[in-house]
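These notes are about the structure you will find just below.
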Amino acid sequence: DLLGQGREAAKKHLRENPEIASQIDGVIRERTGLPARSNGDEVQA
Numbered sequence: 001d002l003l004g005q006g007r008e009a010a011k012k013h014l015r016e017n018p019e020i021a022s023q024i025d026g027v028i029r030e031r032t033g034l035p036a037r038s039n040g041d042e043v044q045a
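Note that full-length UniProt numbering gives residue 2 to position 2 of the sequence shown, counting from 1, and the numbers run on in steps of one.
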C-alpha cells in the first residue's frame, strides 16, 4: 500500500484503516498525557 501525499489522502487512508488510526491516537494520547478513549468513542480522521 502506498500512502498518497496530501491531507485528503491521509484522511482517506485513516478512514479505510481504523486500526491504524486508533493506534496513532493511542500513541498521541499517551505521549501528551491525555486520557485514553472509552470503548464507544470513535477516532475521527
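Glycine residues also receive a C-beta, built at the ideal position from the N, C-alpha and C atoms. The model shown is predicted, which means the values in this text are computed figures rather than measured ones.
(request) Using the Cα positions of P35 and L14, report the straight-line distance between them to the nearest angstrom. (result) If I take the Cα positions, the gap works out to 21 Å.
(message) Rounded to whole angstroms, what is the Cα-Cα separation between A9 and R29?
(response) 23 Å
(message) Which of the three DSSP states is assigned to L22 in this structure?
(response) Before going further, note that residue 22 is Ser rather than Leu in the sequence given. Note: S22 maps to helix in three-state DSSP.
(request) Would you identify the three-state DSSP class for L34, choosing helix, strand or coil? (result) coil
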